[in-house]
Structures are given as structure tokens and as C-alpha cells.
Amino acid sequence: MNRDKISAFTLKIASSNGCGLISILYDIYEEYETDALENFEAGQVTEAIAALKKCAEVVSHLQKDLNFEYKVSGNLYALYDYVQRNVSKSIYKANTDGLLEAKKVMDELGDAFDQLAKEDTSAPIMQNTQHVMAGITYGKNSLNESVMGNQARRGFWA
């Protein structure tokens, strides 16, 4: 994943609510998954394995964030465990077999959480963040972003 994508995800995280954060994690997983598949296709096994390890970190994060007060969390835990085992299989076999199995599950779950995020109208989790406006001005080959608001009153308050 390159710097531009990381910056875009950081901006999304700063302005999203709880369900939106989970949806963003699925997007991050998908980016690393795509990187791994492209690297395997190009014969760059070391880079592919590094991307697979990032995939495993994202799935581990999703697993740790489950709230077991809800019955569906047990089912999600089992699915994440299945994905984790398949990603691990791709790491130690250095091929895409396990990753393609994991992709099927994560694509379905990602679509479901995207729909939930669209319906979630709760406030963003982070307060006092920068407001970024994109598209007001543009360069020759790029879209410019402008930071709005009072920078002195941004961040955590004790």
C-alpha cells in the first residue's frame, strides 16, 4: 500500500463512526489482499508474504474487536478464524490457494458491513478533527484538498 492510500484511509478513519471503521478495516484488508495477489503474479514472493502478514494483522484486529454480548459475534469469530487459517496457509505454502478461499469470505462480509455503514447515522467517533474539503480547487493533474477550521482547537482535550 502506498502513501496516498494510507493518507486516504487516515482521512476516512478520522471522520467515520463505529460501523464505518469496521468497513474501512475491510477496505484495508482488500488493499493488502490485492497487493499480495499482484505480487504473487509478478513472482515477488517476499513482498506477497509481507502483504499476507498485513492481511493477517487486519483479521486479527477484527477478531479482537468483536463484542461477544451479541450472538452474531460467535459466528463472525469462526469466520475470521477460517480466514486467518487460510491466510496462514498461503504464507507457509507461498501461493494464493488459501488467500483465494479467504477472499470469498471477506468479500461477502465486506459487502455486508458496507451496507450497514451506509445505514448507520451515528456521529463520528473522533471529535476535534480536521475538516478537509476536496474538489474546491484543482491542479493540472490532481485534486487539491484544503484543511478547514480552527487548528488550535483540534485534538484531545484533558
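Going by numbering that gives the first Met the number 0, 68 is the number at position 69 of the sequence shown; the sequence numbering is gapless.
Positions of the beta carbon are idealized from the N, C-alpha and C atoms, including for glycine.
Being a predicted model, the structure only gives us computed values, none of them experimental.
- Cβ neighbours of D113 within its own chain (closer than 7 Å, five residues either side excluded): S22.
- DSSP, read as helix, strand or coil, puts M105 in helix.
- Residue state for D64 is assigned as coil, using DSSP reduced to three classes.
- With a cutoff of 8 Å on beta-carbon distance, K11 and E30 are scored as not near each other.
- For D80, the enclosing alpha helix (DSSP H) starts and ends at V71 to K92.
- A direct Cα-to-Cα measurement between Q62 and G73 gives close to 10 Å.
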